[in-house]
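Student: Here it is, the structure in full.
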């Protein structure tokens, strides 16, 4: 297969997969929503979860996005330095977004700043956003496409704490954010927390935390303990599904961390709404793919 045919094949795969995740939630999110629905006993909570389930069923049956806000497309890419299409990958993902916008279809959510012009294609200056990790001595490529909605992960918050605030300051910051805007982000939420040395490093990690599968924990036992404490604390606020009250406000809390300067603690919060539209696909050098987030997907059948 020539280079141009490889480019077209990968573009087609990513356009199809992007369209697909706009309509079908990841397996772990669907399972968690069913679990929380069974635990809630309030009549309004039951109605809301039933409506969410019906929404997902109709999205499949009618072949249309499950939420009118299909967000800004963001991609987490972990790509081997020897992957044959590494140099073309940025352009491939951009074209895949254009095709998915027309085919899914996706709402037009890319407005050129200052010019106030909607491109109508979900691409613009430096969008879609691509976060890169290049792995030496590897010829495979992992891609997490994510639809960052205007009410959930896009209004994330970050700040730098002074060291005297300690880890208690991290908890206080997260809880302040959740009580102020968690209500508007369509609970139950997946909460990503980044702890690092500055606002940009913490913010990047908080978004990366949203890509982790539900049920996973930070490898550091102290950080994992804080994940549980925050989950219990946010649940205790009583936001419930859609912020209408209930026993469970979050699907999980994920913390990602990096080393920090001794005099600063950078902390950031990003949240995914109940309709957490992320995917994970792995390609080998021959463009054979494995999808870990969604079962029973055959991309060639999505066209």
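Numbering (this note's numbering), first residue to last: 502 to 804. Ideal Cβ placement from N, Cα and C applies to all residues, glycine included. The structure displayed is predicted, hence computed values, not measured ones.
Confirm, please, whether the CB-CB distance from residue 737 to residue 756 is below 9 Å.
Tutor: No, the Cβ-Cβ distance between residue 756 and residue 737 is not below 9 Å.
Student: CA-CA distance, residue 772 and residue 693?
Tutor: Cα-Cα distance, rounded: 6 Å.
Student: Use the C-beta contact count for residue 764: other C-beta atoms within 10 angstroms, 16 or more gives buried, fewer gives exposed.
Tutor: Classification for residue 764: exposed.
Student: Would you call the CB atoms of residue 727 and residue 647 closer than 9 Å?
Tutor: Cβ atoms of residue 727 and residue 647: not closer than 9 Å.
Student: Provide the residue(s) that pair with residue 644 in DSSP beta bridges, ordered along the chain.
Tutor: Residue 644 pairs with 578 and 782.
Student: Taking the C-alpha atoms as reference points, what is the distance between residue 540 and residue 547?
Tutor: Taking the straight line from one Cα to the other gives about 10 Å.
Student: Quick check: what's the CA-CA separation for residue 589 versus residue 508?
Tutor: Looking at the two C-alpha atoms, the distance is approximately 7 Å.
Student: Comparing C-alpha positions only, which one of 791, 658 and 621 sits nearest to residue 671?
Tutor: Of 791, 658 and 621, the residue nearest in Cα terms is 658.
Student: On the criterion of 16 or more Cβ atoms from any shown chain inside 10 Å, does residue 544 qualify as buried, or is it exposed?
Tutor: Looking at its Cβ environment, which holds fewer than 16 other Cβ atoms inside 10 Å, residue 544 is exposed.
Student: Determine the closest residue to residue 705 out of 555, 582 and 575, with distance taken between C-alpha atoms.
Tutor: Of the listed residues, the one whose Cα sits closest to residue 705 is 575.
Student: Given a cut-off of 9 Å on the beta-carbon distance, is the pair residue 696 and residue 758 in contact?
Tutor: Cβ atoms of residue 696 and residue 758: closer than 9 Å.
Student: Can you name, in chain order, every residue of its own chain whose Cβ lies under 8 Å from the Cβ of residue 640, other than the five neighbours on each side?
Tutor: Only 581, 583, 584, 585, 785 and 786 meet the Cβ criterion.
Student: For the beta strand (DSSP E) containing residue 749, list its first residue and its last residue.
Tutor: Unbroken run through residue 749: none, as it is neither H nor E.
Student: Suppose you measure from the CA of residue 578 to the CA of residue 783; what does that come to, to the nearest Å?
Tutor: The alpha-carbon atoms of residue 578 and residue 783 are separated by roughly 10 Å.
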